[in-house]
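Peer 1: The opening position of the sequence shown corresponds to residue -1 in our numbering, with each subsequent residue numbered one higher. Just passing along the structure, written as structure tokens.
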Amino acid sequence: MRNQLIVLVALFTSIATFSQKQWTLRECVDEALAKNISIQQNKLNLASSEIDVEIAKGNFLPNLSGNTGGNLNFGTGFDPVSQDRVNTSFFGGSINLSSGITVFNGFRNTNVYKQAQLGVESSKLDLKKIENDISLFVVNGYLNVLFAKENLNAARVQYEISEKQIEAAESRFKSGVIPKGDLLNTQSTAASNLQTVISQENALDLALLNLAQLLQVPAEGFDVAPVDVGTPSENLFYSNSNNVYEKSLNNLPEIERAKLAIDNAALSIEISKADFLPSITASAGVSTNYGYNLNLPPGFSNTAFFDQLNDNLGYGLGFNVRIPIFNRFQTKNRVSQAEINKNIFETRLESEKLNLKQTIEQSFLDVKTALKSYEAAKISLEAQEESFKNAQERYNFGAMTQFDFDQVRNRLVNAQTTLISSKYDYVFKTKVLQFYAGELVLE
């Protein structure tokens, strides 16, 4: 019983510890990469590509095979000595070992091996692309949680202000300074602020749920560690989009993957051309046989098994040269088709580069726009804060109605919300540019 209690206490302690854990961005990314099914599938594809390399290596080695067989013959046969037909039963068999190797086949084996190696590199790049995409999804989800937390904090502050205003309004109502309508308006505003708090709590719960599902961890008790995302600065990370584009050409796996596709197509051309050239194979073999007459007359015996194998042992060497002369232009057409495929992959690379350049240009413009929106939101908030301070003083002295005061306060709340939204919009779009440049840091 005592041991069971210890186990239960340890279990509840571990659960409490997990619920209190705040995941860092780096931990979130690592967890998502470790559990994502698409990543696991691509790792299997990579393992398969590595086996293809081993298969291609085997083409350079000789093969070796052995076979044996036996047969039993019985019935009447002709005896060459007595010139009579006699009943006879005979059992015999053979044992063979043979080996062959490709001496030359137009460098086909060499190019197939190179293609297999490119396949491994391509699989690694496919895996890297998925890892990059998942990492960016996690960053976005993480920032959404932080964004929701800031919105919730702002909503709670407004609700706390409303609660204090209710107390002040009740006191002023009892003193006859304000009518009951103003008190009701204050209470209504507080109720609306409470609804906003509840709405923002739901938004935070949803953001946490989405991130937890992306990580494939329990959503219950899941939380993330706070991160200082900084304050948007007028100094952009990059002076122009071309800087990011030049860096992306060396960092993004999509571009490298498109280049490897061209190299692979070039090898396919060489493999097709191999059929224009002669191929040479060599072979070697050793064989022997044995036999037993099962109806020997008395006084006669069969030669011992191993003696027969030794007496009948034979060796052989050979080679074969295959010279292509005419195959209905099949090789010529396959080479032409391979060359067209190479041209297709070259145009795909240019298309990838063009799309990437346009995407980065748009992302760079988005960052500039987001920064301008943030600067405008900051100016607006500063103005609304001053306006709110002035309105609060006038309201406290009875120079402003509750309705007008609520209008000023709502504009302040909207300005705060707009500033938070524009800040995180700028931060995420900046992260996207850093991702393209290969400089995204996961703290």
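Heads up, the beta-carbon is just placed ideally off N, CA and C, and yes, glycines get one too. Just so we're clear, the structure is a prediction, and the values are computed from it rather than from any experiment.
1) Shortest alpha-carbon distance to Asn191 belongs to which of Ala368, Glu158, Leu206?
2) With a floor of 4 residues, list each alpha helix (DSSP H) that falls wholly inside the region 302 to 352, ordered by position along the chain.
3) For Phe401, which of helix, strand or coil comes out of DSSP?
4) If we count the other Cβ atoms within 10 Å of its Cβ and call it buried at 16 or more, is Ile418 buried or exposed?
5) So which of Lys19, Thr66, Thr74, Ala114 has the shortest CA-CA distance to Gly91?
6) In angstroms with no decimal places, state the Cα-to-Cα distance between Tyr434 and Gln198.
7) Just the C-alpha distance for Lys41 and Gln115, rounded to the nearest angstrom, thanks.
8) Rounded to whole angstroms, what's the CA-CA distance from Asn503 to Arg326? Just pull it up for me.
9) Going by Cα to Cα distance, which pick from Ala374, Tyr140, Asp402, Glu373 is closest to Ser385?
10) Going by C-alpha to C-alpha distance, which of Ser63, Asn109, Asn291, Asn339 sits closest to Phe89?
11) Is DSSP giving Asn208 helix, strand or coil here?
12) Could you check how far apart the C-beta atoms of Ser160 and Ala201 are, in whole angstroms? I think they sit under 8 Å.
13) Under 8 Å between the Cβ atoms of Lys112 and Leu44?
14) Tell me the rounded alpha-carbon separation between Gln20 and Thr367.
15) Would you report the Cα separation of Ile269 and Glu350, rounded to the nearest angstrom?
16) Can you tell me which residues form a DSSP beta bridge with Ala280?
17) Ordered along the chain, which non-local residues of its own chain (more than five positions away) have a Cβ less than 7 Å from that of Leu9?
18) Going by C-alpha to C-alpha distance, which of Asn138, Val284, Pro276 sits closest to Leu212?
19) Could you give the distance in angstroms between the alpha-carbon of Asn238 and the alpha-carbon of Phe362?
20) So Asn151 is in the alpha helix (DSSP H); what residue range does that whole segment cover?
21) Closer than 6 Å by C-beta to Phe343: which residues in its own chain qualify, once you throw out the five before and the five after it? Chain order, please.
22) Can you grab the Cα-Cα spacing for the pair Val242 / Lys257, in whole Å?
23) Sorted by chain position, which residues of the same chain lie with C-beta nearer than 7 Å to Glu490's C-beta, five sequence neighbours on each side aside?
24) When you compare each of Asn94, Val227, Lys55 to Tyr140 by their alpha carbons, which one comes out closest?
25) Considering only C-alpha positions, which residue in the set Gln335, Thr345, Thr184, Asn341 is nearest to Tyr446?
26) Please confirm if the region 373 to 391 is in contact with the region 424 to 440, defined as three or more CB-CB distances below 8 Å between the two stretches.
27) For Asp305, is the classification buried or exposed, using 16 other Cβ atoms within 10 angstroms of its Cβ as the cut-off for buried?
Peer 2: Taking the coordinates as given:
1) Glu158
2) 303 to 309
3) helix
4) buried
5) Thr66
6) 32 Å
7) 16 Å
8) Residue coverage of the chain in this structure runs from -1 to 441, which leaves residue 503 outside it and unanswerable.
9) Asp402
10) Asn291
11) helix
12) Not really, about 20 Å apart at Cβ, beyond 8 Å.
13) no
14) 33 Å
15) 27 Å
16) Ile99, Phe317
17) Its pLDDT being 39, under 50, Leu9 is placed unreliably in this model, and the value from its coordinates should be taken loosely. Excluding residues within five positions, none has a Cβ falling inside 7 Å.
18) Asn138
19) 7 Å
20) 106 to 172
21) Ala259, Ile260, Ala263
22) 19 Å
23) One cannot answer for residue 490 here, as it falls past the ends of the chain, which runs -1 to 441.
24) Val227
25) With the chain represented from -1 up to 441, any question about residue 446 goes unanswered, as that position is not in the structure.
26) no
27) exposed
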